[in-house]
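Below is one structure, written out as structure tokens; the observations come after it.
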Amino acid sequence: MLFVDILWKLLEIVLVAAVALPTTAALLVWAERRVSAFMQDRLGPNRVGPAGLLQPIADLLKFIFKEDVVPGHVNKAIYILAPALSLVPALLAFAVVPYARDMAILDVNVGILYVFSVSSIAVYGITLGGWASNSKYSLLGGVRASAQMISYELALGLSVVPVLLVTGETHLGRIVEWQAANGWLVLYLFPAWIIFLVSSYAETNRLPFDCPEAETELVAGYHTEYSSMKFALFFLAEYIHMITASALTVTLFFGGWHVPFFTLPEGGWGTTLSCLAFCAKTGFFLFLFIWVRWTLPRFRYDQLMNLGWKILLPASLGIIMLTAGGVALLAD
Amino acid sequence: MSTQVDIVLDRPEQPQEHQVLNMGPQHPSTHGVLRLVLELDGEIVVNCEPVVGYLHRGMEKLAESMTFHMFTPYTDRLDYLAPLANNVALTTAQEHLIGVEIPPRAKAIRVMCTEMSRISAHLLGLGAFAMDVGAMTVFLWCFRERETIYNLIEHITGARFTTSYTRVGGVANDIPDGFIEELKAFIDQFPEQIESFEKMLSRNRIWIDRTKDIGVITKDDALSYGLTGPNLRGSGIEWDLRIHRPYLDYERYDFDIPLGSVGDCYDRYLCRIEELKESTKILQQVIQKMPGGPVNTQDSKISLPEKSTVLKGMDELIHQFILITEGQDAPVGESYFGAENPKGELGFYFRSKGGGYPDRMFIRSPSFVNLQILPEIVKGRFISDVVAVLGSIDFVMGECDR
């Protein structure tokens with residue numbers, strides 16, 4: 001590899017991981033507050049900058065200047081490690097997502113497997129955060145989180161299997177290319193998409209599945225004892241998880257960067273347009289995240305487990321069987 | 333009270349697997365300063381011990397050293413979600429003791445005040461319940477409607493919250509011009525809003541899962557624990573003081589008592605939604621049937637004279653002076669009066685040795701009585717259910733602790 005290539009790759013990593021994703025997450029926080037305000041007949045933050053767009057920066061400054069309290073009763077090493085463990089996998093998982101035509105930070109041929117292996121580390125961040133805090137509410141939150149995320153990871157993983165069966169690929173870029181050639185996968189695998197969507201909500205701990213946090217029950221669950229930037233990292237992690245989940249939904253089921261009924265021009269313009277298309281689709285799913293959160297109440301912990309194990313898991317197994325049968329029939 | 337709690341915490345025979353979780357007094361869903369000592373087996377509640385008294389202000393004792401009028405502002409701080417209804421309940425109880433009949437217009441205004449408070453209190457009860465279960469948007473929608481009610485209340489009483497509007501023998505002032513139109517505008521659009529709350533919750537699968545068959549209060553339990561208000565009616569018992577022991581001419585108005593069947597959180601929720609509609613109906617009828625005439629009794633030993641006449645007339649000055657310093661002269665004896673408040677039966681017991689000060693006063697607060705059933709119905713359930721049950725019981729600590 002040429003030196004320039006390496007430099008270019010580094011620049012890309014920095015741009016995406018340190019600039020694009022945190023900025024999107026910050027915008028998402030702003031969007032969440034504005035959209036929820038719109039839904040609730042309020043104004044939301046509109047004072048800092050145009051339409052309140054600079055509010056996330058003000059929030060960040062506040063987080064930085066807050067006193068970083070490490071309570072005396074915590075398990076210090078793990079307590080400090082947990083927020084990072086929660087944030088880093090979310091960033092890493094994004095690496096293989098093809099965010100524009102022929103563009104992804106990491107070009108691995110087992111993209112999906114990579115995503116699942118990396119994102120399953122995230123559960124440690126939350127569980128250990130809850131455990132290391134040595135507080136009852138946090139512990140309950142951590143226990144809930146581990147059970148919930150492990151259960152829903154099964155459904156999430158199984159709901160992607162039909163995608164592999166239909167496309168015969170594990171490389172995310174090639175899955176998108178398959179969709180560009182044959183039509184979006186959501187048309188073929190609508191039920192699998194529903195399961196994927198529900199599970200990804202549970203994986204990101206968002207309402208209606210925010211049992212680990214459950215503000216009105218466990219106060220703030222696993223991050224009750226966190227303050228300042230450590231809390232901000234958990235906060236950021238949640239939003240970056242949302243972005244990654246939306247990006248994956250778009251990549252796996254909604255044709256990634258592909259624009260239907262329109263042939264992208266060759267060269268730089270085409271790549272830019274494809275990136276915009278990808279961003280627009282991801283934006284829609286992020287909006288869906290917000291929309292659902294401010295509409296639905298929260299599941300109870302056991303109901304959530306029932307939904308995961310008794311409905312989503314069998315359903316996704318059934319879909320795999322059907323898809324496999326269909327693929328086998330068509331192949332003959 | 334504190335010794336009792338220590339016993340719970342240090343219980344020696346407590347198995348090691350159980351953990352004790354102290355929920356409150358500072359907790360987002362204990363609605364103020366209720367403290368619950370929960371003994372947990374994992375997420376399941378084995379034992380629940382409510383600890384009250386963090387908001388105790390000794391109101392009943394305070395009442396012994398003040399005239400009847402002087403106590404009215406304290407009732408603003410009883411059930412602080414429906415100050416006007418408390419004012420009405422207190423003053424009606426005092427009139428019951430003294431034996432005062434008030435003019436029909438004052439009665440109609442008081443009914444209007446009570447029903448407006450009921451709407452406001454139920455809206456908050458509903459909103460807080462929804463928020464505890466996770467539906468934040470309903471909460472803010474409810475608050476938007478409450479805001480309108482507060483505006484209306486401000487228009488009548490001059491205060492949004494600390495109303496202190498009623499006087500023995502009537503009310504502080506007549507309703508202002510243009511108020512009826514404002515109220516009409518509110519009740520015309522209100523049913524639509526109730527529908528929007530119901531759209532968000534009533535047939536929402538998650539909401540039903542979280543509330544159906546949770547916190548079931550059987551008829552017998554409801555009766556033996558002395559529940560009142562929507563909590564009692566949610567269990568299917570038809571008991572509403574407005575109908576069964578009418579006061580303030582409630583028999584003039586035509587309204588139904590919504591009843592639940594099972595007595596679970598969902599039934600209590602539905603009862604409150606229906607009561608919102610019934611209160612709207614009553615308000616409509618009050619507007620239609622609003623009688624004319626004075627808003628205070630003409631007995632100068634009971635109600636304060638017109639302020640403009642006080643500095644000119646000898647009699648008025650004397651009456652004003654005596655009523656302010658010595659208060660209304662109550663006969664020797666005791667009396668109890670209960671009013672159907674948003675949370676249930678708010679009762680005032682007075683013992684009088686004559687004169688303007690009660691010898692003893694006792695407040696029967698519905699929140700306190702309703703809260704007693706809590707440990708019964710949360711045992712063996714999840715922590716999440718505790719929160720849902722707390723929301724559905726809809727208590728206010730200001731009233732519970734007095």
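Chain order of the listed sequences is C and S.
Under the working numbering, the first sequence has 158 at position 158, and the numbering climbs by one with no breaks.
With the second sequence counted from 1, adding 332 to any position gets you the working numbering.
Cβ coordinates follow ideal geometry from the N, Cα and C atoms, glycine included.
Keep in mind the model is a prediction, meaning the values are calculated, not measured.
One or two residues paired with residue i in a DSSP bridge
i, result
"Gly52/C", "BP columns for Gly52/C are empty, so no partner."
"Ala662/S", "Gly687/S"
"Gly373/S", "Just to set this straight, residue 373/S is Asp in the shown sequence, not Gly. BP columns for Asp373/S point to Ile376/S."
"Ser397/S", "Paired residue(s): none; Ser397/S is not in a bridge."
"Pro382/S", "Leu368/S"
"Gln351/S", "Leu372/S"
"Thr498/S", "Val503/S"
"Arg696/S", "Gly679/S"
"Asn673/S", "Gly676/S"
"Asn628/S", "Gly502/S"
"Tyr668/S", "Tyr681/S"
"Ala100/C", "Met103/C"
Local Cβ density within 10 Å of residue i, reported as buried at 16 or more and exposed below that
i, result
"Pro45/C", "buried"
"Gln55/C", "buried"
"Asp338/S", "With a pLDDT of only 48 at Asp338/S, under 50, the local geometry of the prediction cannot be trusted, and no value is derived from it."
"Ala359/S", "Note that residue 359/S corresponds to His in the displayed sequence, not to Ala. With 16 or more other Cβ atoms within 10 Å, it is buried."
"Arg379/C", "This structure cannot settle anything about residue 379/C, because the visible part of chain C is limited to 1 through 332."
"Met646/S", "exposed"
"Glu217/C", "buried"
"Thr335/S", "Residue confidence for Thr335/S is low, a pLDDT of 45 falling below 50, so the modelled location carries little weight; the figure read from the coordinates is stated next. Exposed, because fewer than 16 other Cβ atoms sit within 10 Å of the Cβ of Thr335/S."
"Gly675/S", "The residue you asked about is not Gly; residue 675/S is Lys in the sequence shown. By the neighbour-count rule (16 or more Cβ atoms within 10 Å), Lys675/S is buried."
"Glu349/S", "exposed"
"Ile6/C", "exposed"
"Trp257/C", "buried"
"Asp210/C", "buried"
"Arg389/S", "exposed"
"Val265/C", "In the sequence on display, residue 265/C carries Pro and not Val. By the neighbour-count rule (16 or more Cβ atoms within 10 Å), Pro265/C is not buried but exposed."
Same chain, Cβ closer than 6 Å to residue i, five either side skipped, listed in chain order
i, result
"Phe522/S", "Thr612"
"Gly125/C", "Ala82, Leu85 and Ser86"
"Asp506/S", "Val627"
"Glu648/S", "Pro637, Thr641 and Val642"
"Ile319/C", "Pro162, Pro191 and Ala192"
"Leu615/S", "Glu447 and Ile519"
"Thr494/S", "Asp408"
"Phe403/S", "Ala395"
"Lys9/C", "none"
"Asp726/S", "Gly457"
"Val35/C", "Ile290"
Inter-residue CB distance, residue i and residue j (contact presumed, cutoff 8 Å)
i, j, result
"Cys380/S", "Leu368/S", "6 Å"
"Leu678/S", "Pro698/S", "6 Å"
"Val118/C", "Ile150/C", "Not confirmed; about 15 Å, so no contact."
"Ile195/C", "Ser138/C", "With 8 Å as the limit, Ile195/C and Ser138/C do not qualify as a contact, their Cβ atoms being about 30 Å apart."
"Ala155/C", "Leu313/C", "5 Å"
"Val327/C", "Lys281/C", "So it is not a contact: roughly 26 Å between Cβ atoms."
"Phe669/S", "Thr424/S", "6 Å"
"Glu392/S", "Arg734/S", "6 Å"
"Ala467/S", "Ala414/S", "About 23 Å separates the two Cβ atoms, so there is no contact after all."
"Ile105/C", "Val16/C", "6 Å"
Other residues of its chain near residue i: CB distance less than 8 Å, five sequence neighbours each side excluded
i, result
"Val108/C", "Val96, Tyr114 and His171"
"Gly688/S", "Thr399, Phe400, Glu658, Gly659, Gln660, Asp661 and Ala662"
"Cys474/S", "Leu455, Leu456, Leu458, Gly459, Ala462 and Phe529"
"Leu143/C", "The sequence given here has Val at residue 143/C, not Leu. Hits under 8 Å: Thr127 and Gly130."
Close beta carbons around residue i, own chain, < 7 Å, minus the five adjacent residues each side
i, result
"Leu185/C", "Val163, Val166, Gln179, Leu252 and Phe253"
"Ile512/S", "Ile619"
"Ser135/C", "Thr224 and Glu225"
"Ile64/C", "Met229"
"Ser120/C", "Glu153"
"Arg293/C", "Arg206 and Leu207"
"Leu573/S", "Gly670, Ala671, Glu672 and Glu677"
Contact between the region 355 to 364 of chain S and the region 713 to 730 of chain S: three or more CB pairs below 8 Å? Yes, they touch.
If contact is defined by three or more beta carbon pairs under 8 Å, each pair taking one atom from either stretch, is the region 400 to 410 of chain S in contact with the region 437 to 457 of chain S? Verdict: no, contact absent.
State whether the region 213 to 224 of chain C contacts the region 130 to 147 of chain C, with contact taken as three or more CB pairs (one from each stretch) at a distance under 8 Å. Look at the beta carbons and you see the region 213 to 224 of chain C touching the region 130 to 147 of chain C: at least three pairs across the two are nearer than 8 Å.
Can we say the region 595 to 608 of chain S touches the region 525 to 541 of chain S, given the rule of at least three CB pairs closer than 8 Å? Verdict: yes, contact present.
So, does the region 478 to 493 of chain S touch the region 558 to 570 of chain S, judging by three or more C-beta pairs under 8 Å? Contact fails: fewer than three Cβ-Cβ distances are below 8 Å.
The region 238 to 245 of chain C / the region 192 to 212 of chain C touching (three or more Cβ pairs under 8 Å): Yes, the region 238 to 245 of chain C touches the region 192 to 212 of chain C.
Check whether the region 475 to 485 of chain S and the region 634 to 650 of chain S touch, using three or more Cβ-Cβ pairs below 8 Å as the test. In short, these stretches do not touch, since the Cβ pair count stays below three.
Indicate whether the contact test is met: 3 or more Cβ pairs, each with one atom in the region 593 to 601 of chain S and one in the region 424 to 434 of chain S, closer than 8 Å. Result no; under three Cβ-Cβ pairs closer than 8 Å.
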